[in-house]
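Q: So for the sequence shown, my numbering puts the first residue at 407; every next one is plus one.
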Amino acid sequence: MDEYRMQLKSYNQASFTPGTKQGKTILSTKRKTDTFLRIIIDGKDVTPRPLNPDIYSCGKERQLSIYEHERPEVRRSTIQSLTAQKSYSIVRFKSELRESTILESSIQPFRGSLHSSTHLASLTAVGSLTDKEEAHPSASHGETTEAGETGALPAQRKGAEEVMKKLPVRVTLTLCETNTVFLLEIPSATAVRDTDEGNRVEADNEAYEYLTVGKGRNRKMLHAEVQTKPIIVKTRTTDYQRNKTKAGSSYCSVWEMYDTYKDRQDSEEESDDSSAESEIGEAIGHKLNEISSLDSFRLSTEEKQLHKLMKNSRFLEAVCVIERLLASNCFHEEQKIFRCLTVSDDFREKIEYNYRLKHLWTFANEYTKGKSVNSLDWNPKNKDLLAVGYGKFYFADQVTGLVLIWSIKNPVQPERQYNFTPPVTAVSFSKENPMLLAVGFYDGTVIVLNVASREKMIIGENVTPFEPCWSLCWNYGQTQGEEEVVCATFDDGKICAYSIQKKLEPFQLMRVAKADGKLKGYKATKKCTNLVIPVTRYDAAYFLRYHPLHTSTYFVGTNQGVIHKCSVNYLNQHLDLFLAHEGPINAMKFSPFCPQIFATCGDDWHTRLWAEGISDPMVDMFVAMHSVEDFDWSPSHSTIFVTTQSKFIQIWDIQRKIYDPQSITESPSKARCTKVQFTDNGNCLIVGDVDGNVHVFSVEDLPFQAFFQENLLFESMSRALSTNVNLMKKLRKLRRKQTKA
407 MDEYRMQLKS YNQASFTPGT KQGKTILSTK RKTDTFLRII IDGKDVTPRP LNPDIYSCGK
467 ERQLSIYEHE RPEVRRSTIQ SLTAQKSYSI VRFKSELRES TILESSIQPF RGSLHSSTHL
527 ASLTAVGSLT DKEEAHPSAS HGETTEAGET GALPAQRKGA EEVMKKLPVR VTLTLCETNT
587 VFLLEIPSAT AVRDTDEGNR VEADNEAYEY LTVGKGRNRK MLHAEVQTKP IIVKTRTTDY
647 QRNKTKAGSS YCSVWEMYDT YKDRQDSEEE SDDSSAESEI GEAIGHKLNE ISSLDSFRLS
707 TEEKQLHKLM KNSRFLEAVC VIERLLASNC FHEEQKIFRC LTVSDDFREK IEYNYRLKHL
767 WTFANEYTKG KSVNSLDWNP KNKDLLAVGY GKFYFADQVT GLVLIWSIKN PVQPERQYNF
827 TPPVTAVSFS KENPMLLAVG FYDGTVIVLN VASREKMIIG ENVTPFEPCW SLCWNYGQTQ
887 GEEEVVCATF DDGKICAYSI QKKLEPFQLM RVAKADGKLK GYKATKKCTN LVIPVTRYDA
947 AYFLRYHPLH TSTYFVGTNQ GVIHKCSVNY LNQHLDLFLA HEGPINAMKF SPFCPQIFAT
1007 CGDDWHTRLW AEGISDPMVD MFVAMHSVED FDWSPSHSTI FVTTQSKFIQ IWDIQRKIYD
1067 PQSITESPSK ARCTKVQFTD NGNCLIVGDV DGNVHVFSVE DLPFQAFFQE NLLFESMSRA
1127 LSTNVNLMKK LRKLRRKQTK A
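1) Can you tell me the Cα-Cα spacing of residue 456 and residue 587, whole angstroms?
2) Please report the residue range of the beta strand (DSSP E) in which residue 1032 lies.
3) Report yes if the CB atom of residue 1036 is closer than 8 Å to the CB atom of residue 1081, and no otherwise.
4) Tell me, please, whether the segment 831–845 touches the segment 788–795 by the rule of three or more beta-carbon pairs shorter than 8 Å.
5) Can you check which of these residues, 999, 928, 1015, is closest to residue 986 by C-alpha distance?
6) Any beta carbon from chain D within less than 8 Å of residue 639's own beta carbon?
7) Quick test of the definition: if touching needs 3 or more C-beta pairs under 8 Å, does the segment 1027–1044 touch the segment 1072–1087?
8) Could you tell me how far apart the beta carbons of residue 878 and residue 832 are, in whole angstroms, since I believe they sit closer than 8 Å?
9) Using DSSP with H/G/I as helix, E/B as strand and the rest coil, what is residue 407?
10) Cα separation between residue 948 and residue 1047?
11) Taking DSSP as the reference, what is the three-state secondary structure of residue 622?
12) Closest to residue 613 by CA distance: which of 724, 590, 1067, 756 is it?
13) What residues in its chain sit with their C-beta under 7 Å from that of residue 659, if we drop five residues either side in the sequence?
14) From 822, 773, 656, pick the residue whose C-alpha is nearest to that of residue 792; which is it?
15) With DSSP as the reference, please indicate the residues paired to residue 856 in a beta bridge.
16) Rounded to whole angstroms, what is the Cα-Cα separation between residue 979 and residue 808?
17) On a CA-only basis, which of 1038, 974, 768 is nearest residue 960? Give me that one, please.
18) Using a Cβ-Cβ cut-off of 7 Å (strictly less than) and excluding sequence neighbours within five positions of residue 1067, which residues of its own chain qualify?
19) Which residue from 591, 890, 1017, 1065 puts its Cα closest to that of residue 844?
20) Assuming residue 1126 is part of the alpha helix (DSSP H), what are its boundary residues?
21) Would you be able to state if there are at least three C-beta pairs under 8 Å between the segment 796–812 and the segment 1122–1134?
22) Between the segment 761–771 and the segment 740–750, are three or more C-beta pairs nearer than 8 Å?
23) Indicate whether residue 799 and residue 1096 have their beta-carbon atoms separated by less than 8 Å.
24) Quick test of your reading: residue 901 and residue 866, contact by CB under 8 Å. State the CB separation rounded to the nearest angstrom.
25) Are the beta-carbon atoms belonging to residue 722 and residue 860 less than 8 Å from one another?
26) Roughly how many angstroms separate the alpha carbons of residue 1005 and residue 926, rounded to a whole number?
27) I'd like to check one pair, residue 1098 with residue 776: are the Cβ atoms closer than 8 Å?
28) Residues bridged to residue 890 by DSSP?
29) How many Å lie between residue 780 and residue 897 at the Cα?
30) Reducing DSSP to helix, strand and coil, say where residue 1048 ends up.
31) How many whole angstroms separate the CB atoms of residue 851 and residue 870, which I take to be in contact at a CB cut-off of 8 Å?
32) Looking at residue 918: is its Cβ nearer than 8 Å to the Cβ of residue 962?
33) Going by other Cβ atoms of all chains shown within 10 Å of its Cβ, with 16 needed for buried, is residue 863 buried or exposed?
34) Do you know how far the Cα of residue 639 is from the Cα of residue 734?
35) Under 8 Å, do residue 930 and residue 988 count as touching if we go by C-beta distance?
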């Protein structure tokens, strides 16, 4: 049944109209003649909806057939034959439809009414359509022919015009760019060879292969863990009473300000002139007394003006700045290395641990020649300033004392120069007042200088005790909140503290007595028993070191190799003592990473490491039969330290070996070295000698800094004690106590 309906619809919608010679798609304006049918199945409307919109219902798209290309006579005969065939097919369709209706009504009588009405409606529509076509066959063909020749009938043209009137006259289309949506993106993993990008990729590939497959995979690495402690913060708020303010105004002209400053400047210049003239007069008077000659009094006007100019503080300050600029032209690169502005690349391809010293410059001038460097101290506030005390090294030397303040901004000339008659033995800056410098002399004098002044300004001076002062250090008083005091050690065994005032009054803390009997510590060689009457009952106190954690405890080293442990709470008596060296002790310093570990060096050619609470030495180092003059720990590596022996500078690393230093460098002046000290960052080293030279070195090719410096120090000392089980157990016990604390 559906097949016949489709066939009927195709015959009804067929149109045979003449057209153009070429086959193309045209729009036919012939109105629809078929009747709208509704198909209802099981009470539901299942009628197919039209595919084209209703606005274009009057026109349909069709393809011109081959009959439209023939002659009119041939087309008429062809149309008549097709009409006859169409009438025959419709009659046949009616008879078959009637038979199928009767058969279906007999099988399903309860649904007969619904189907009968549907089939009768279909039959009626088909019949009416057939009758119309049979009644006016020629009219339809004529319309088709005329439509094909002229384009459309008047009625059809009117319907088409009405349809086209509904279309807008002007259609505006706005094109907007939307956001780009990437559904899939695969970046390229290749690069073109012989290009900049290709060369970089090849270099990266070679470096990767070197580090993963080649020789680079055998580089030394260190894996360690670290945990950051959480910072506990607490927020507090408070109310504050509003300050009362009052607006005010005043007027001051430019001339009033000029007159005020001009008067002040004139008064200052007059005072400078009067002081300069008095000084020149005094100098001339002294010359006349020393040299009874009239020529010394005959100074020209230019010489007088020159003397006056040299006393002007502004001129001296300008000269100092110019000297710094001129010196920086010659030592610009060395100064950058000292300030750590030029450092080696940590990711370079070839990394070697050579522990090398590179000489930067030497602090020396004509006044320091022939004088030994006896003391060095960096200013705690301005790390560019270095105080150096010059005196005599050998007992038979006859030299005067000198204190120079050097600056790395001017390696050629010192910033301050103070001359003294007795040789200088010790210098030390105050931590609370960095402008104050304590100076000790060979005759026992202790003074405090104000280095802010170019002239010698003595703040305080003690009464001369006629015994050499060997070391100085600053510390606070016995009770909390007291002012800073100067502690000094003397050759007669006294340890005195001086308060800062015009006359330094000594307060004796301790007097070191000779140690008798069997001492713990270093096992010294047995001496022949002989009855010798000692000249004095006291040992010479060579140095004083305060404990880094317990400020009330201090250590004193003597000329007999004994270290006394004392306290400021117990005067004139020691808490403990032990033998460290067979002879005078030259230095003792605590490790900056572990306050329980300290080192000593002496005239018995040895350097020893000690642990607090353990009387036996942990590590004993020996190189040559020369006195070890000084010692210092590296502030950047816990296992590295430096010693001076004869004219050589030795760098040790107990992490690698203890039987031999890592590097030995000869002094540039080839003179005997007396003092050595690291800078605060550990990248540079200063060394003094007996000829008055202070050499500045850059320490290069050191290992990378460890994350846990204290653990590395304990592990290195434990490896060194692998043959001494008892000392290793004591060291581990000390480490556990420190960890718990």
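By construction, the Cβ of each residue, glycine as well, lies at the ideal position given by its N, Cα and C atoms.
A: In terms of the structure at hand:
1) Locating residue 456 in the sequence shown gives position 50, where the first residue counts as 1. Locating residue 587 in the sequence shown gives position 181, where the first residue counts as 1. For residue 456 and residue 587, the distance between alpha carbons rounds to 37 Å.
2) Taking the sequence shown and counting its residues from 1, the one referred to as residue 1032 is at position 626. Note, residue 1032: premise wrong, no beta strand (DSSP E); not H, not E.
3) Your numbering for residue 1036 matches position 630 in the sequence shown. Your numbering for residue 1081 matches position 675 in the sequence shown. Yes, the Cβ-Cβ distance between residue 1036 and residue 1081 is below 8 Å.
4) Enough Cβ pairs lie closer than 8 Å, so yes.
5) As a working note, residue 986 is residue 580 in the sequence shown. If you compare the alpha carbons of 999, 928, 1015 with that of residue 986, the shortest gap goes to 928.
6) Absent from the structure is chain D; it holds one protein chain and no more.
7) The segment 1027–1044, when compared against the segment 1072–1087, does touch it at the 8 Å Cβ threshold.
8) For the purposes of this step, residue 878 is taken as residue 472 along the sequence shown, with counting starting at 1. For the purposes of this step, residue 832 is taken as residue 426 along the sequence shown, with counting starting at 1. Their Cβ separation, rounded to whole angstroms, is 4 Å, which keeps residue 878 and residue 832 in contact under 8 Å.
9) Position 1 of the sequence shown, counted from the start, is the residue given in the question as residue 407. Residue confidence for residue 407 is low, a pLDDT of 46 falling below 50, so the modelled location carries little weight; the figure read from the coordinates is stated next. Secondary structure at residue 407: coil, using DSSP grouped into helix, strand and coil.
10) The count along the sequence shown starts at 1 and reaches residue 948 at position 542. The count along the sequence shown starts at 1 and reaches residue 1047 at position 641. Distance between the alpha carbons of residue 948 and residue 1047: 21 Å.
11) Working through the sequence shown from its first residue, we reach residue 622 at position 216. Of the three classes helix, strand and coil, the one that applies to residue 622 here is helix, per DSSP.
12) As a working note, residue 613 is residue 207 in the sequence shown. Restricting attention to 724, 590, 1067, 756, the CA atom closest to the CA of residue 613 is found in 756.
13) As a working note, residue 659 is residue 253 in the sequence shown. Excluding sequence positions up to five before and after residue 659, its CB lies less than 7 Å from no other CB in the same chain.
14) Taking the sequence shown and counting its residues from 1, one reaches residue 792 at position 386. When only C-alpha atoms are compared, the closest one is 822.
15) Walking along the sequence shown from the start, residue 856 turns up at place 450. In the DSSP output, where bridge partners are listed per residue, residue 856 has 842.
16) Translated into the one-based positions of the sequence shown, residue 979 becomes position 573. Translated into the one-based positions of the sequence shown, residue 808 becomes position 402. Near 35 Å, if we compare the C-alpha coordinates of residue 808 and residue 979.
17) What you label residue 960 is simply residue 554 of the sequence shown in a count that begins at 1. Comparing Cα positions, the closest option is 974.
18) For the purposes of this step, residue 1067 is taken as the residue at position 661 of the sequence shown. Contacts found: 1029, 1056, 1057, 1058.
19) Translated into the one-based positions of the sequence shown, residue 844 becomes position 438. Comparing alpha carbon positions, the residue from 591, 890, 1017, 1065 closest to residue 844 is 890.
20) Taking the first residue of the sequence shown as 1, we reach residue 1126 at position 720. Residue 1126 -> alpha helix (DSSP H) spans 1115–1126.
21) In the pairwise beta carbon analysis, the segment 1122–1134 is classified as not touching the segment 796–812: fewer than three pairs are separated by under 8 Å.
22) Verdict: yes, contact present.
23) Here residue 799 refers to the residue found at position 393 when the sequence shown is read from its first residue. Here residue 1096 refers to the residue found at position 690 when the sequence shown is read from its first residue. Contact: yes.
24) Here residue 901 refers to the residue found at position 495 when the sequence shown is read from its first residue. Here residue 866 refers to the residue found at position 460 when the sequence shown is read from its first residue. Not confirmed; about 18 Å, so no contact.
25) Taking the sequence shown and counting its residues from 1, the one referred to as residue 722 is at position 316. Taking the sequence shown and counting its residues from 1, the one referred to as residue 860 is at position 454. Less than 8 Å divides the Cβ of residue 722 from the Cβ of residue 860.
26) Here residue 1005 refers to the residue found at position 599 of the sequence shown. Here residue 926 refers to the residue found at position 520 of the sequence shown. When only Cα atoms are considered, residue 1005 and residue 926 end up about 17 Å apart.
27) Here the question's residue 776 lines up with position 370 in the sequence shown. Here the question's residue 1098 lines up with position 692 in the sequence shown. Judged by beta-carbon spacing, residue 1098 lies within the 8 Å limit of residue 776, meaning their Cβ atoms are closer than that value.
28) Locating residue 890 in the sequence shown gives position 484, counting from the first residue. Within the DSSP secondary-structure output, residue 890 pairs in a beta bridge with 882.
29) Your numbering for residue 780 matches position 374 in the sequence shown. Your numbering for residue 897 matches position 491 in the sequence shown. Our two residues, residue 780 and residue 897, have alpha carbons roughly 16 Å apart in a direct line.
30) The residue you call residue 1048 lines up with position 642 of the sequence shown. The three-state secondary structure of residue 1048, taken from DSSP, is strand.
31) The sequence position of residue 851 within the sequence shown is 445, counting from 1. The sequence position of residue 870 within the sequence shown is 464, counting from 1. At roughly 5 Å, the Cβ-Cβ gap stays under 8 Å, so residue 851 and residue 870 are in contact.
32) Sequence index remark: in the sequence shown, residue 918 carries index 512 (1-based). Sequence index remark: in the sequence shown, residue 962 carries index 556 (1-based). A Cβ-Cβ contact shorter than 8 Å links residue 918 with residue 962.
33) Residue numbering aside, residue 863 sits at position 457 when the sequence shown is read from its first letter. Result: exposed.
34) Residue mapping note: residue 734 aligns to position 328 of the sequence shown, counting from 1. Residue mapping note: residue 639 aligns to position 233 of the sequence shown, counting from 1. Residue 734 and residue 639: Cα-Cα distance of roughly 47 Å.
35) Working through the sequence shown from its first residue, we reach residue 930 at position 524. Working through the sequence shown from its first residue, we reach residue 988 at position 582. A contact, by the Cβ cut-off of 8 Å.
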